[in-house]
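Working notes for the structure below.
Residue numbers (the working numbering), protein chains in the order written: chain F, 3 to 397; chain B, 3 to 397.
Shown next as structure tokens:
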């Protein structure tokens, strides 16, 4: 049987494999990309399911409207307003099955075969996969410690012109680098891009996981044109198993997103959405987030300590101000896949950096998750990894 | 901003509207396409959620593997074997977010822009929407009381040749006609199509909702080549709010389906899948299905009675042996949209037949759902509709 040509673009199974890596029981794994399961508020979630099934069981087990449960969309719009100053109305929010679906729908909305998509590099492989499935030409733009390198953006727009149909970025505590765009860079980016008619997908998966009081304003906050599509999720602040995320877009785009959501899966789970709305109404998610970011900050600090102590000076990194990851850079002639091979033999895992470049061209970096391991395991695993790195770099 | 060309194909909002029609409170609506919410086993579902969260809370709130929860896939494979004689192994089953997602993934796997898809007509609009989103050329084949008309299939394959990339059918209690393919036609279809290398999507959404003891064997049962992809769901036998469905395909296709599932939404909800597995382990879904089909059969019978008594002889129909729908055919010069206009004025709703033809070319039919209304409302609503039909046909 003959497959669609898109399947040629989807041969890379790196993400599937990355997920499987974390599943071995006796492994100290720094490869996870999700919050620590010990933080899931299981009892409160159970209570919400009970209340929803007791009082709105029939509605919770029926189809939901395509845009999603109204009350949940209202709560989300309110949270976005309070936390980030965003002014999306309830009809500018659609619930999606994880933020992956929001990325899939965005690719579907904007991408014809051969269109160019600009994105930060390194970047989240799941988004890259969603874009690949629509046969986009992926053009990677470099980042520095302030965010997307503006000169490279300008250069790409000059080079590819009208072929550029979408820009994908993660401005906060980015996956995989853990870095955030500076306020200055955000303003500069929006000011520049507003003279183009190109939609920007702002993936805000990690935005609420800040280790400091103050949250940076999203790109969407500075956007006066309705050009930015904002994607948020409860997968990183709450739990991923419910698959509840959201996409915010202005009315001119939202109508098309709803047609695509309808074609993709009719609607997201009514019961998951109602459970989420009930939890948010009767619990303080912000207090929960303060608790988990406190915990993750401890783990980040411990990881930094061990890196300082055990790793050679040639391994570079930036201390992340939030999120789940530390990004470690080895000298350019070294290959983190080789380091991984040695680490796995000693029951330590991480994700080699090449997995975050669609071209796989750069292999001297590694992504280390600090949120999911106990302080003890961080000590133990990172000490092993430090020794292996020293040995490898000395060769 | 510029949209992908697919959006030109997705302008029809008929399905969105059809769903909204059912939502008015004082309406007697025969427009539903879902099981009757009074049948949802709310208490047992609640018990399953409690047990799952008490004993496997962390796993249930984490990401699931892309293929889905292993135990659920095993139970599904077992049920398909016991009920329909299908021999899919656990690795030949992937859990999808509703069967709509299985149709979306199938379109994605097989359809390039301009490829031809053959499908029964009238047919399920949701599938048509999924196919439209990939810019397929939709070629409608007529059906008779035995199923797909084989001569039209042969003719279409002759006419379109290699451009035909997919065939989509609903052999059991079809949406919208309620009709089923005869065993003879199933065998004839598989025998003929096996000499082509074209995948067949068998949508089995209604297959278990039979009013008789014996279930017809699926197309997939006769397929020795691995050409048929079987799509099943719990949305019609259990409840749609969990969004748990499945797709069965042989290994050569399954690998590609998993890549697409991963790109679409990483994985389906872990907690919904574990709840479903728990329910299936501790309850008798087949007994539940016997109970709801008994209820639906009563309602079908009552609807047939009122149609016999109140409708003019020029309104033709076939008594459905299962499923949710009766399909009523008016004389060719009549328009069911006009009938709907008059019915809505008297607070009675149904779906006009044109909504089930992608071209909208035929407008003298109507789909009547009998599963969701009480006997009393069936009496009342169908008596009104009978009178309106008599008046309209007399004009």
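Beta carbons are placed, not taken as given, at the ideal position from N, Cα and C, and that holds for glycine.
Remember, predicted model here, so these are calculated numbers, not experimental data.
Residue i to residue j span [Cα, whole Å]
i, j, result
"residue 55 of chain F", "residue 201 of chain F", "40 angstroms"
"residue 35 of chain B", "residue 225 of chain F", "41 angstroms"
"residue 71 of chain F", "residue 135 of chain B", "24 angstroms"
"residue 48 of chain B", "residue 262 of chain F", "32 angstroms"
"residue 229 of chain B", "residue 356 of chain F", "37 angstroms"
"residue 45 of chain F", "residue 53 of chain B", "12 angstroms"
"residue 32 of chain B", "residue 194 of chain F", "54 angstroms"
"residue 38 of chain B", "residue 8 of chain B", "35 angstroms"
"residue 387 of chain F", "residue 333 of chain F", "16 angstroms"
"residue 232 of chain B", "residue 395 of chain F", "53 angstroms"
"residue 392 of chain B", "residue 301 of chain B", "22 angstroms"
"residue 21 of chain F", "residue 30 of chain F", "Confidence at residue 21 of chain F is low in this model, with a pLDDT of 48, below 50, so its placement is unreliable and no value can be given for it."
"residue 318 of chain B", "residue 28 of chain B", "28 angstroms"
"residue 315 of chain B", "residue 185 of chain B", "30 angstroms"
"residue 89 of chain F", "residue 75 of chain F", "13 angstroms"
"residue 24 of chain B", "residue 351 of chain B", "Bear in mind that the predicted position of residue 24 of chain B carries a pLDDT of just 49, short of 50, making it unreliable; the figure below should be weighed with that in mind. The straight-line gap from Cα to Cα measures roughly 8 angstroms."
"residue 18 of chain B", "residue 65 of chain F", "Any reading at residue 18 of chain B must be qualified, since the residue scores a pLDDT of 49, below 50, and its modelled position is unreliable; the value itself is stated next. One C-alpha to the other measures close to 12 angstroms."
"residue 271 of chain B", "residue 244 of chain F", "5 angstroms"
"residue 397 of chain F", "residue 40 of chain F", "40 angstroms"
"residue 223 of chain F", "residue 203 of chain F", "13 angstroms"
"residue 380 of chain B", "residue 289 of chain B", "25 angstroms"
"residue 142 of chain B", "residue 239 of chain F", "47 angstroms"
"residue 323 of chain B", "residue 198 of chain B", "31 angstroms"
Proximity winner among the options, relative to residue i (alpha-carbon distances)
i, options, result
"residue 102 of chain B", "B:60, B:242 and B:129", "B:129"
"residue 369 of chain B", "B:331, B:81 and B:217", "B:331"
"residue 126 of chain B", "B:353, B:344, B:228 and B:292", "B:353"
"residue 260 of chain B", "B:110, B:4 and B:284", "B:110"
"residue 256 of chain B", "B:40, B:69 and B:184", "B:69"
"residue 79 of chain B", "B:65, B:161 and B:94", "B:94"
"residue 62 of chain F", "B:66, B:76, B:42 and B:81", "B:42"
"residue 149 of chain B", "B:183, B:171, B:131 and B:159", "B:183"
"residue 221 of chain F", "F:241, F:271 and F:251", "F:251"
"residue 172 of chain B", "B:181, B:373, B:340 and B:84", "B:181"
"residue 389 of chain B", "B:308, B:91 and B:117", "B:308"
"residue 374 of chain B", "B:165, B:242, B:298 and B:360", "B:298"
"residue 304 of chain F", "F:165, F:377, F:191 and F:140", "F:377"
"residue 234 of chain B", "B:174, B:284, B:51 and B:165", "B:174"
"residue 293 of chain F", "F:343, F:213, F:276 and F:176", "F:213"
Host alpha helix (DSSP H) of residue i (start-end)
i, result
"residue 383 of chain F", "377 to 396"
"residue 261 of chain B", "253 to 267"
"residue 272 of chain B", "272 to 284"
"residue 84 of chain B", "72 to 86"
"residue 153 of chain B", "152 to 162"
"residue 232 of chain F", "Counting along the chain, residue 232 of chain F falls outside any alpha helix (DSSP H), though it belongs to the beta strand (DSSP E) covering 230 to 235."
"residue 140 of chain F", "No alpha helix (DSSP H) contains residue 140 of chain F, which is instead part of the beta strand (DSSP E) from 139 to 146."
"residue 192 of chain F", "185 to 195"
"residue 130 of chain F", "127 to 134"
"residue 222 of chain F", "221 to 224"
Endpoints, beta strand (DSSP E) assigned at residue i
i, result
"residue 371 of chain F", "367 to 371"
"residue 56 of chain B", "Element bounds for residue 56 of chain B: not the beta strand (DSSP E) but the alpha helix (DSSP H), 44 to 62."
"residue 169 of chain F", "166 to 171"
"residue 119 of chain F", "118 to 123"
"residue 247 of chain F", "247 to 250"
"residue 97 of chain B", "95 to 98"
"residue 295 of chain B", "That residue, residue 295 of chain B, is in no beta strand (DSSP E); its alpha helix (DSSP H) goes 287 to 312."
"residue 326 of chain F", "From DSSP, residue 326 of chain F is part of no beta strand (DSSP E); its letter is neither H nor E."
"residue 215 of chain B", "That residue, residue 215 of chain B, is in no beta strand (DSSP E); it is neither H nor E in DSSP."
"residue 348 of chain B", "Per DSSP, residue 348 of chain B belongs to no beta strand (DSSP E) and is neither H nor E."
"residue 202 of chain B", "202 to 205"
Integer Cβ distance of residue i from residue j, believed to fall under 8 angstroms
i, j, result
"residue 295 of chain F", "residue 211 of chain F", "6 angstroms"
"residue 104 of chain B", "residue 249 of chain B", "4 angstroms"
"residue 138 of chain B", "residue 113 of chain F", "Contact doesn't hold; Cβ gap of about 17 angstroms is too wide."
"residue 209 of chain B", "residue 100 of chain B", "Not quite, the Cβ-Cβ distance comes to about 16 angstroms (not below 8 angstroms), so this is no contact."
"residue 217 of chain F", "residue 85 of chain F", "6 angstroms"
"residue 219 of chain F", "residue 87 of chain F", "6 angstroms"
"residue 312 of chain B", "residue 384 of chain B", "7 angstroms"
Closer than 8 angstroms: residue i CB and nearest the ligand FMN heavy atom
i, result
"residue 161 of chain F", "Of the ligands one can find in the structure shown there are none, so the ligand FMN has no counterpart to examine."
*Contact between the stretch 116 to 124 of chain F and the stretch 261 to 276 of chain F: three or more CB pairs below 8 angstroms?*
Contact fails: fewer than three Cβ-Cβ distances are below 8 angstroms.
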